[in-house]
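Single-structure report; data block below.
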Amino acid sequence: MSIAARSAYGLSRHARPVAIGVAVCAAAAAIAGAVALTRGEARGQTTVLAVTTIVAGCTFVAGGIVAWLRRPANLTGPLMMVAGFLLFGTSMAQAQQSLPFTVGLVIGAVPAAVVAQLVLAFPDGRLHSRWERLVVGAAYVDVVVLQVAMLMFMGFEHINGCPCPDNLLLIRDDARIHSALMGSQRVLTVVVTAALAVLLARRWRAASAPLRRAIAPVLWTTAVTIVLLVAAELTTDAVSRGLAAASRIALATVPIAYLLGLFTARIARVSVSDLVVELGRLPGPGQLRIALARALRDPSLELAYWIPDLETYVGLDGQPVDVGAAPGRAVTVVEHGGRRVAALIHDPALGENPELLGAVGSAAGLALENERLQAELRAQLEELRDSRARIVEAGDIARRRLERNLHDGAQQRLVALSVALGLAERKLTTDAQQAAAMLQAARGELTVALEELREIARGLHPAILSRGLAVALEGVAERSPVPVQLHVDGGARPPPSVEAAAYYVVSEALTNVARYAHASAATVRVARDAGRLRVEVSDDGLGGATITKGSGLQGLRDRVEAIGGHLEVQSQHGRGTRVIAVLPLQHRETTAETELGDANRD
Amino acid sequence: MRTVLIVDDHASFRAIARAALAERFTVVGEAVDGVEAVARATELRPDVVLVDVGLPGLDGFGVAAALATLDDPPQVVLTSSRDRRDLEPLIRDSPALGFVAKERLSATALGELLA
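Chains as they are written, first to last, in this note's numbering: chain A, 1 to 602; chain B, 603 to 717.
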């Protein structure tokens, strides 16, 4: 069993050393930050806030590393690591040198924007709508552009806790511009926070049950963090500092919430073991879907079974199923013993949990294969019923056409002939010369009628087949308006039904070549190959032929499949057409066939 | 001589019928389908209309029924290359004067039917 769609285990061999490197750097940064913070208590910082910031940084880096190792393709892990390092970096604002001090001031608010991006991009690491990109963009403008602009007009001489190192960005210390910029930063922060809340609320309302389960922990921890941050902004002094510290603690739980989402995959293994037990006593068809839906916790789960012969997916009822990704649905292909068995059509949120999908697919592989066989049988029965109906219908149509051709052709000519002969009979005594002319015309008419009757008789059954397939096909090639190269292998004669099928394949294919292909030449090859007769008709024409309902090719396929053979049409636009029929030579003959066959060979 | 309109969708039959009937009738026109047959009969006012049963669109029985509604209607004779027994119920219900098998058509046969 394997899951073809994607695998979480596609890590490069560099992943582990990189992760260890990141962890070491983070530890160093955390220690440096902690030292800097304890030294900078005077600048409005508290030890509590310092420690909680470092703790939040640690959980973000650690969570980021785990997330990245588990989902290398997902941007969430790297983003979490970035947020963690930025949190460490905020402690640089406590430094005694100008450069780290300035850098610390610039990045002070950036973690908030990264967290906004993280929560909106959860769980797949991508932003999904223009609104989401707009809100995240505005958040970065808020914490980077406006922050830098504000710092350009902000001196630190009069700030509590200073003297401070130089602000390297300072152009002019101007309290008016500085407070105007700070005011606009506040407004934008409120707008972005409100927009974020709306987007998250909308996402929650639209989310399916499995998706809600996945996003709930992240959503709630982020919401608590935001509420605490906003509260800290609205209050002052000790209360504000306490709320700020509390918001850091809440922030520290966001990565844990994400990891919790990951661990539900582990917890789900329990449901897989339940599934294995349940599969052992499935009562009947349809129950497998219910069992899998329960194990995956996705009630909308649908199953489609792969039918290799028809190259299509079908439902349990044998009817074709379109597994092309419908909006809001995802498809995972399940293989068993190296062969494609089925497709799970499920909620896209499950795609974030490939381990669970893999485990469930693996556990259910055999059961799915069993149901696939049932579905295949139904599909084949369905196809058989259809083809039988088509064969009967094709017979009716052929007889109707035959009656029409007889009536309009030979019958009309014979009628005219009868009248002409009657007339000539009476003229014989009065006008012998005119009678002779009439008889001559009548003979011409009779010749044409005979030719028409021959044509119809050949359409009924090619009597020439009694002389062998090669001779019969020579006749077909001879009558084709497009030049035909004919290669027919000798050997013992195939059963009559096989000869007839081969004859009709060549005859119909060459008729199509003459009618539609605009070909300059065609080739017919009939060869024996491992107990089968392979009939191939190819041309150098336009191509683009398909086996459509009610077409001559469909009729041919029915005829070929009725004797256990297989018909294929290869016809790309501009590349000519190739009709290939493979017919089994060991076809069991009916009594009627044998009798007729013997009669034909007289 | 009585005048005849020949109605058949097969040109070969119209030609041979024209030759066969010429002995005792004047062929005043031909028509290739039912609708044209009614139009030409109304216009030419022939004494006899020889009409094939199996016409495209309005068939021979339809033509016979339509012509029967004219003032001073022509005498309609049905003809066909099909087996008369298959058509018997339809012929019986038709206002047409009678039926002559196509292969037996001659001036004499038509004349006997009209007599």
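Don't be surprised by glycine CBs; every beta carbon is placed ideally from N, CA and C.
Here the structure is a predicted model, which is why all the values come from computation and not from measurement.
Cβ-based burial, residue i [other Cβ within 10 Å; buried from 16]
i	result
residue 344 of chain A	buried
residue 668 of chain B	buried
residue 306 of chain A	buried
residue 335 of chain A	buried
residue 377 of chain A	exposed
residue 686 of chain B	exposed
residue 385 of chain A	exposed
residue 573 of chain A	exposed
residue 652 of chain B	buried
residue 571 of chain A	buried
residue 81 of chain A	buried
residue 654 of chain B	buried
residue 556 of chain A	buried
residue 20 of chain A	exposed
residue 98 of chain A	exposed
DSSP state of residue i mapped onto helix, strand, coil
i	result
residue 94 of chain A	helix
residue 625 of chain B	coil
residue 128 of chain A	coil
residue 302 of chain A	strand
residue 532 of chain A	strand
residue 73 of chain A	coil
residue 563 of chain A	coil
residue 520 of chain A	coil
residue 486 of chain A	strand
residue 323 of chain A	coil
residue 345 of chain A	strand
residue 23 of chain A	helix
residue 493 of chain A	coil
residue 228 of chain A	helix
residue 42 of chain A	Since pLDDT at residue 42 of chain A reaches only 46, below the 50 mark, its modelled position is unreliable, and the value read off the structure follows with that caveat. Coil.
residue 507 of chain A	helix
residue 572 of chain A	coil
residue 719 of chain B	Past the edges of chain B, shown from 603 to 717, lies residue 719 of chain B, and the structure says nothing about it.
residue 355 of chain A	helix
residue 677 of chain B	strand
residue 690 of chain B	helix
residue 274 of chain A	helix
residue 78 of chain A	helix
Within 7 angstroms, strictly: CB atoms of residue i and residue j
i	j	result
residue 517 of chain A	residue 542 of chain A	yes
residue 659 of chain B	residue 636 of chain B	yes
residue 489 of chain A	residue 519 of chain A	no
residue 30 of chain A	residue 88 of chain A	yes
residue 77 of chain A	residue 93 of chain A	no
residue 472 of chain A	residue 462 of chain A	yes
residue 482 of chain A	residue 506 of chain A	no
residue 243 of chain A	residue 231 of chain A	yes
residue 681 of chain A	residue 56 of chain A	No answer is possible for residue 681 of chain A: it lies beyond the span of chain A, which begins at 1 and ends at 602.
residue 169 of chain A	residue 152 of chain A	yes
residue 665 of chain B	residue 703 of chain B	no
residue 84 of chain A	residue 51 of chain A	no
residue 63 of chain A	residue 259 of chain A	yes
residue 363 of chain A	residue 276 of chain A	yes
residue 442 of chain A	residue 417 of chain A	yes
residue 509 of chain A	residue 560 of chain A	no
residue 526 of chain A	residue 535 of chain A	yes
residue 683 of chain B	residue 411 of chain A	yes
C-beta neighbour in chain C for residue i, strict 7 angstroms
i	result
residue 636 of chain B	Absent here is chain C; the protein component of the structure consists of chains A and B.
Near the ligand SAH: residue i beta-carbon under 6 angstroms from a heavy atom
i	result
residue 364 of chain A	Absence of the ligand SAH is noted for the structure shown, with no ligands found whatsoever.
Residues within the segment 387–420 of chain A neighbouring chain B, beta-carbon criterion of under 9 angstroms: 407, 408, 411, 412, 413, 414, 415, 416, 417, 418, 419 and 420
Whole runs of the alpha helix (DSSP H) within the segment 371–451 of chain A, excluding any shorter than 4 residues: 412–430
Contact residues within the segment 632–644 of chain B, judged by C-beta distance below 8 angstroms to chain A: none
Near-chain A residues of the segment 682–714 of chain B (beta-carbon distance less than 7 angstroms), N- to C-terminal order: 683, 704, 705, 707 and 708
Members of the segment 441–473 of chain A near chain B, C-beta cut-off 9 angstroms: 445
Near-chain B residues of the segment 562–578 of chain A - C-beta to any C-beta below 8 angstroms: none
Members of the segment 425–439 of chain A that neighbour chain B once the beta carbon cut-off is set at 7 angstroms: none
Minimum length 3: unbroken beta strand (DSSP E) runs contained in the segment 628–672 of chain B: 650–654
In chain order, each beta strand (DSSP E) run of at least 3 residues that lies wholly inside the segment 128–203 of chain A: none
Residues, ordered as in the chain, of the segment 612–623 of chain B that lie near chain A by beta-carbon distance below 9 angstroms: 612, 614, 615, 617, 618, 619, 621 and 622
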